[in-house]
Every structure is written in structure tokens, then in C-alpha cells.
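Asks: Numbers -21 to -1, 1 to 464, taken from mature numbering (1 follows the signal peptide of the UniProt record, and there is no 0), label the letters of the sequence shown in order.
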Amino acid sequence: MKINKFLLSLLFLFLYFQAVAAPQDLHGKSGILRIEPQEHGAGQVKMVSDGNNFHVTTAGGFIKIQSKQSLGMSGSRLYVKRYFNLGDTVNAQQVTSGMDQVIQGIKIYLLPGQEYIIEILQRETNLLIFKYIIKRPILIPKVSFFDPNSKSKSLWDTFSDKNMSGGFSLSARNKISLRVVERSDFTDLSIDYNLRNLETKEELVGKFLHALDELPVEANTSYRLLLSYSIQKEVPVVVYIKIKPYWYKSVITYGLIGVVMVIIILLFITRNMSKLLGISKDRQQRMEDAAIRLQSLLNPHFTFNALSAIQGLINTGRIEDANFYLQEFSMLLRKTLANSESLFSNLGEELEMMGIYMRLEALRFNFTWSVLIDPELRPAEIEIPTMIIQPVVENAVKHGIANLRETGILKILCKQGEQDHTFAIIIEDNGVWQDANTLSGYGLSLTRKRIDAINKLDRTQLIELEIKTDFGTQIIITFHNWINT
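Following this line, the structure appears as C-alpha cells:
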């Protein structure tokens, strides 16, 4: 029984010394494993030791793991556990194997941010000999955007994780250069870029190491730029770049040009219209002056005839009639003079004046007269040329009914026309104008000239004079478009 206890003690001491001696025999700066990119130039691997723990960082995703040398009898006493570090989650992909598999070599692929653990343990005691923590960090290209022609600070940069996506805008005259800021962990990492025109969908791809002299962009265009390390294309930085149009091609410039053109056109139209309006006003003024001059010629003619009538009454001994005539004539003359400077007066005033005139002439020639107005007409609201009726009425008295005495009849009719906005004034007598020249005498000649002058003032409002001699004499003055205009 004592011999058995002694043998067990010896066995325990043997195993202890084996466990302590094994790490000492296998220790080195990088342990017993060589970790390197799977292919030459496929990335960089860095290793830092902390006792039996080795922290390995790799830039590329594909790596190869194998032992540095044959371990002999030591390798048979070891085994390997390897797995992806999933934190607190149970790793179902954990693999346990002997060292022979490690000696032959293991190939794995790590995603950015992923971590792979290799543990080498003593088979008899499960004592951890070495632990390799292999990690592929997320590498964000450190790139600064700047304008080579400007001394100002960088336009944008990708120095932090917060700038995985972003953008900026530039005027058309600016250029864009890219400069790489070297990393402290890995060096000489080339950068791939993909520049996509968002309008035409065209893409430009390329690669640069330390700097890109000029990014080929065009004015008035938007781009999307992807930047990633050539060995880590899984995590690109997205940069949106908008190049503004040249100032003379911008929407604001086009708008200003449009506004200026509209203003110029409006000024041109206004100037022409003002010029045409001035010409039209001058022309109208000349026509009005001509019409008023013709109208002023009627006043002396009318006055002469009235004075002749008063003289006739005095010569025949009708003094009382002559005084009444003179009073009526003075009232008529005042109204005539009041309207003499006006080219137009309302129909009601003209008919009132003609009533006074016919009452005076009826004292001389003892004829019957009347004024009839269509109920549909509103004389006070209708304007007609001043003294346009008087010469016609005067001729009707003098050449139509003066010799008829008590049987003479003179009528003035105002009636609605057959067409819209039209009315007519009809001066009608039952006499016969024996002398054809009287139809084109001084008074009617002046009236025709006045009508021609007034018709030229406004082509939309026309006056028409017509003479009928079928039964007595009838002079019709038609006013086209003179009502409600």
C-alpha cells in the first residue's frame, strides 16, 4: 500500500514537470504558429505577443495558418481548439483536432470586424499553452478631399467611422484632388475608387496609392464615389459630390436672363405702344380740331340766318314776335356758345336746342313741328356731335316748308336702329326741295365734312347720312355702335 502511494506521487510529479517544461521548450516571440496572407500581396499581418497570448491583426480576409516546424514528440502531447469569436453566443463551429492538421496548414477567411481564436492545449491536463486571437479590423480609407488651386482647408475627409457616408458640393471652377493619410497599423495600402455619374450612369474605376491628382468631374453633374482599400472592398466609403453649374448656366442666371428679356420686351412694347398712342392722340387731336373748326363755321351761319329772321319780323311790323324771337334766340345762342368748344353733347340737349330753334322759325313761317323719341332710347345717356342736327333742320325749314306756311309739317324722329347699339335721327318735312343744289348746299356740305372727320376719330363708331325725296324730304342720320359703348 505504501509502494502504490509512492508510485502515484512519482506519476504526479512527472506530469507536473512535463506540463511546466512543455511551454518552455516551445516558447518563442511568435509561438509555434506562422500566420500569413494566403497569397503573396493579399494583405498584411501583424502579431503582438503578451505572454502566452498572441494578438494578430490582418488587413486581408484570406489567411493561412501552420506550425513553424515539426514538433516531434511535443506535438503528440498537444491538441488544438479553433473557432470564430461570437461573444456570448455558443459557437457551434468550434473544431478540436490534433496538431497534425495545424502542421499541414489551415486556411480561413475573415470578414471585416470578425475574430478567430486558436487555442493550443496539453492533451493530458487541458492546460492552455498558447492562444492566438486573430482579428480583421474594419479599415476605413483615410482620404482628404481638397482643391489643389485653393489654400483653404480640406473639402471633406473620411477620418472617422461617422464619415462612412456623406458628401459636399463645389462650384464648377473648383478641382478635386485626393490625398491619402498614412495609417499607423498598416502601410502602403492602395485604394480602389468607383466614380459613378448619377445622370448618365457611367462609371469610372481606378486605383491610387498616396494621392489622386484630379478627380475627373464635370460642371452641373452629380456623382457617387466609392472608396475602399484594395484588400478590403467589403467596406466602402460612399461620397456624394455635386458640381454646380457655371454661373452663366445656372437656373438663377437663366431666370435673371428671362426676367431681363421680359423687361426689355415689355419696355419695347410699352415704348412702341406709347409712340403709337402719341401718334394716335396727335391724329385724333388734329381730327378733333378739324371737326371743331367745321363746327365753328356753323355758328356764324346759324347766327346769320337767325338775325335775318328777326329782321324779317321787324320789317313786317311784328314787333312783339320779334322781341319774343330775340329772347328765344338769345337763350339758344347761350346754349350754342356753351357747347361750341365741346365736340360732343348729349342727345337730350341737342333736341332741346332744336326745339327752341323750330319754335322760333315757326313764328316766321307758321308751320307745324314736333319731336318724337323712341321710349327705348335714353337721350341723356347718348352723346352725339354738337350741332350735328341744326344745319339739316335749318335746310328743311328754308328749302322745304317755308313756302307752305300753315300746311308745312316738320318732324324730328329719334328711334332705335335695326342693328344692336344703333339709333337714327330722322328730319322729315312735307315740302319739295325744288333746287337740287340745296341738297348739297353750304349747311349740308359742312355737315358731311364734319361726319367724315368724326368717322376718322373712331372707326368702330360711324355716322351715316342719307337723303330721301320720295314723299317730301327725309334726311336720315344713322349712328352705328353709339349706344352702350
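Note that beta-carbon positions come from the ideal geometry of N, C-alpha and C, so glycine has one too.
(1) Among the residues of its own chain, which have a CB less than 6 angstroms from the CB of E94, if the five just before and after it don't count?
(2) Just mark T249 as buried or exposed, buried being the case when its beta carbon has 16 or more other beta carbons within 10 Å.
(3) Note the first and the last residue of the continuous alpha helix (DSSP H) segment covering E328.
(4) Mind pulling the beta strand (DSSP E) runs of 3 or more residues that sit fully within the region 78 to 139?
(5) Following the continuous beta strand (DSSP E) through N32, name the residue where it begins and the one where it ends.
(6) Under the three-state reduction of DSSP, which class applies to Q306: helix, strand or coil?
(7) Please say whether K110 and K43 have beta carbons closer to each other than 7 angstroms?
(8) State yes or no: is the C-beta of D136 within less than 7 angstroms of the C-beta of S150?
(9) Three-state secondary structure (DSSP) at V238?
(10) Mark S46 as exposed unless 16 or more other C-beta atoms lie within 10 angstroms of its C-beta, in which case mark it buried.
(11) Between T448 and I388, is the Cβ-Cβ spacing less than 7 angstroms?
(12) List the endpoints of the continuous beta strand (DSSP E) containing E15.
(13) If you draw a straight line from the alpha carbon of T75 to that of E213, how long is it in whole angstroms?
(14) Does the distance from the C-beta atom of F187 to that of Q23 stay below 7 angstroms?
(15) Which class does F(-10) belong to by DSSP, given the choice of helix, strand or coil?
(16) Do the CB positions of L392 and L351 come within less than 7 angstroms of each other?
(17) Ignore the nearest five residues each way along the sequence and tell me which others in H459's own chain have a CB closer than 8 angstroms to its CB.
(18) Under a three-way DSSP split, which group does M252 fall into?
(19) Could you check how far apart the C-beta atoms of I406 and A375 are, in whole angstroms? I think they sit under 8 angstroms.
(20) Helix, strand or coil for H378 per DSSP?
Replies: On the basis of the coordinates in this document:
(1) Reading the sequence shown from its first residue, position 115 is the one you call residue 94. Contacts found: N64 and K114.
(2) Here residue 249 refers to the residue found at position 270 when the sequence shown is read from its first residue. Exposed.
(3) The count along the sequence shown starts at 1 and reaches residue 328 at position 349. Counting along the chain, the unbroken alpha helix (DSSP H) around E328 starts and ends at L326 to F344.
(4) Under the rule that a run must span 3 or more residues, the beta strand (DSSP E) segments found entirely inside the region 78 to 139 read 85 to 88, 94 to 101, 107 to 114 and 122 to 125.
(5) Walking along the sequence shown from the start, residue 32 turns up at place 53. Under the DSSP assignment, N32 falls in the beta strand (DSSP E) whose first and last residues are N32 to T37.
(6) Locating residue 306 in the sequence shown gives position 327, counting from the first residue. Q306: helix per DSSP, three-state reduction.
(7) As a working note, residue 43 is residue 64 in the sequence shown. As a working note, residue 110 is residue 131 in the sequence shown. K110 sits away from K43, with the two beta carbons spaced by 7 angstroms or more.
(8) Against the sequence shown, residue 136 aligns to sequence position 157. Against the sequence shown, residue 150 aligns to sequence position 171. No, they are not a contact pair.
(9) In the sequence shown, residue 238 corresponds to position 259, counting from 1. In the structure shown, V238 falls within a helical segment according to DSSP collapsed to helix, strand and coil.
(10) By 1-based counting over the sequence shown, the position of residue 46 is 67. S46 should be labelled buried.
(11) Counting from one through the sequence shown, the residue named residue 448 turns up at place 469. Counting from one through the sequence shown, the residue named residue 388 turns up at place 409. At a Cβ-Cβ threshold of 7 angstroms, T448 and I388 do not count as neighbours.
(12) For the purposes of this step, residue 15 is taken as the residue at position 36 of the sequence shown. Run containing E15: L12 to P16, per the beta strand (DSSP E) assignment.
(13) Taking the first residue of the sequence shown as position 1, residue 75 is located at position 96. Taking the first residue of the sequence shown as position 1, residue 213 is located at position 234. In this structure, the CA atom of T75 is about 30 angstroms from the CA atom of E213.
(14) Mapped onto the sequence shown, residue 187 falls at position 208. Mapped onto the sequence shown, residue 23 falls at position 44. At a Cβ-Cβ threshold of 7 angstroms, F187 and Q23 do not count as neighbours.
(15) Along the sequence shown, one-based indexing puts residue -10 at 12. Its pLDDT being 44, under 50, F(-10) is placed unreliably by the model, and nothing is read from it.
(16) Within the sequence shown, numbered from 1, the residue matching residue 392 stands at position 413. Within the sequence shown, numbered from 1, the residue matching residue 351 stands at position 372. Yes; because the gap between Cβ atoms is below 7 angstroms, this pair is in contact.
(17) Within the sequence shown, residue 459 is the residue found at index 480, counting from 1. Non-local beta-carbon contacts of H459 in its own chain, meaning distances under 8 angstroms to residues more than five positions away in sequence, involve G396, Q398, H400, T401, Q440, L441, I442 and E443 in chain order.
(18) Looking up residue 252 in the sequence shown gives position 273. Helix.
(19) Along the sequence shown, read from residue 1 onward, the residue named residue 406 stands at position 427. Along the sequence shown, read from residue 1 onward, the residue named residue 375 stands at position 396. About 6 angstroms separates the two Cβ atoms, so the contact holds.
(20) Working through the sequence shown from its first residue, we reach residue 378 at position 399. Assigned with DSSP and collapsed to three states, H378 falls in helix.
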